[in-house]
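Numbering (this note's numbering), first residue to last: 52 to 103.
Structure (structure tokens):
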């Protein structure tokens, strides 16, 4: 399995920490994966607007 690293901008760290604390997610990698899997399609549709 191939792995990739992401860089979290310092200004978003407090929000990520808040989500981790409130949800029990244990790592930033887990948080990103959960967000990607659960909200990735919604993000794409939202960014595309009504072009579909």
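Here a beta-carbon is modelled for each residue, glycine too, at the ideal position from N, C-alpha and C. Only a predicted model underlies this, so the values are computations on that prediction, with no experimental measurement involved.
Under the DSSP assignment, residue 59 falls outside any alpha helix (DSSP H); it carries neither an H nor an E label. With contacts defined as CB atoms closer than 9 Å, residue 71 and residue 79 qualify as a contacting pair. Cα atoms of residue 69 and residue 89: separation of roughly 18 Å, rounded to the nearest angstrom. Rounded to the nearest angstrom, the gap between the Cα atoms of residue 73 and residue 66 is 11 Å.
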